[in-house]
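Trainee:
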Amino acid sequence: MNKVRKTLFAAPAWTAAMLAILTLGATAANATDITVHLTGDQEVPPVQTSAMGHGTLTVEDDKSIKGKVMTSDIKGTGAHIHEAAVGKNGPDIITLNKTSDNEWSIPDGAKLTDAQYDAFKAGGLYINIHSDAHKSGEIRGQLKR
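Our numbering applies: residue 52 is where the sequence shown begins, and numbers increase by one.
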């Protein structure tokens, strides 16, 4: 009888552990992590600047997006995610929050539309940091999967 009890209790514990592992794997598979590097030469037209930025973003299959960008050598006045391909300028779709002098974060709950998500998958979104010296953008980085 004890042998049966051990088997009955061991199986659900093993199953729960395996489900936890499978769930963790599924969560990771449903997200796209992106590292973005922002420079003046990616601007359209290119900007000569020592400013730069880098960040990490996550885009989920449900189209939610989160992350932040750190900058240096720039006094940023605004930051946005824009929709346009490399070499083109496009409209801003998400305004980033300035969380410190050199840090910009995507607001909680930000989500891409279906069309914006398709543009993201095709490499058609970018982050732009604006400054007083370059109001249309001093540094830019394309979001590439």
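Glycine included, every Cβ here is placed at the ideal spot set by N, Cα and C.
(1) Could you name each continuous beta strand (DSSP E) segment of 3 residues or more that falls completely within the segment 92-123, going from the start of the chain to the end?
(2) Specify, as a first and last residue, the run of the beta strand (DSSP E) that A130 falls within.
(3) Please return the same chain residues whose Cβ sits closer than 7 angstroms to the Cβ of E134, not counting the five positions on each side in sequence.
(4) When DSSP labels each residue in this structure, what does D143 get in the three-state scheme?
(5) What residue range is occupied by the uninterrupted beta strand (DSSP E) comprising D152?
(6) When the Cα of N153 is compared with those of T109, T86, G129, G160, which residue comes out closest?
(7) Measuring alpha carbon to alpha carbon, tell me which of K139, K119, E111, I190 ends up nearest T164.
(8) Flag this pair as yes or no: are the beta carbons of E94 and I190 separated by less than 8 angstroms?
(9) Any contact of the segment 91-107 with the segment 116-129, i.e. 3+ C-beta pairs under 8 angstroms?
(10) Is the beta carbon of I157 less than 8 angstroms from the beta carbon of K195?
(11) Helix or strand or just coil, what does DSSP make of K162?
(12) Along the chain, where does the beta strand (DSSP E) that runs through H88 open and close?
(13) On the criterion of 16 or more Cβ atoms from any shown chain inside 10 Å, does V137 qualify as buried, or is it exposed?
Mentor: So, to answer that:
(1) 103-111, 116-123
(2) In the sequence shown, counting from the first residue as 1, residue 130 sits at position 79. Taken as a continuous stretch (DSSP letters only), the beta strand (DSSP E) holding A130 covers 127-134.
(3) As a working note, residue 134 is residue 83 in the sequence shown. Counting only Cβ-Cβ distances below 7 angstroms, and skipping sequence neighbours, we find G141, P142, I144, Q167, A170, G175, L176.
(4) As a working mapping, residue 143 is identified with position 92 in the sequence shown. Three-state DSSP puts D143 in a strand.
(5) Taking the sequence shown and counting its residues from 1, one reaches residue 152 at position 101. Per DSSP, D152 belongs to no beta strand (DSSP E) and is neither H nor E.
(6) One-based indexing of the sequence shown puts residue 153 at position 102. Among T109, T86, G129, G160, the Cα nearest to that of N153 is on G129.
(7) Here residue 164 refers to the residue found at position 113 of the sequence shown. Nearest of K139, K119, E111, I190 to T164, Cα basis: E111.
(8) As a first step, residue 94 is located in the sequence shown; it is residue number 43 there, counting from the start. As a first step, residue 190 is located in the sequence shown; it is residue number 139 there, counting from the start. It is a contact, given that the beta carbons lie within the stated cut-off.
(9) yes
(10) The residue given as residue 157 occupies position 106 in the sequence shown. The residue given as residue 195 occupies position 144 in the sequence shown. No; because the gap between Cβ atoms is not below 8 angstroms, this pair is not in contact.
(11) Position 111 of the sequence shown, counted from the first residue, corresponds to residue 162. Reduced to three states, the DSSP call for K162 is strand.
(12) Stepping through the sequence shown from its first residue, residue 88 is reached at position 37. It spans 82-90 - the beta strand (DSSP E) in which H88 sits, taken as one unbroken run.
(13) Taking the sequence shown and counting its residues from 1, the one referred to as residue 137 is at position 86. V137 should be labelled exposed.
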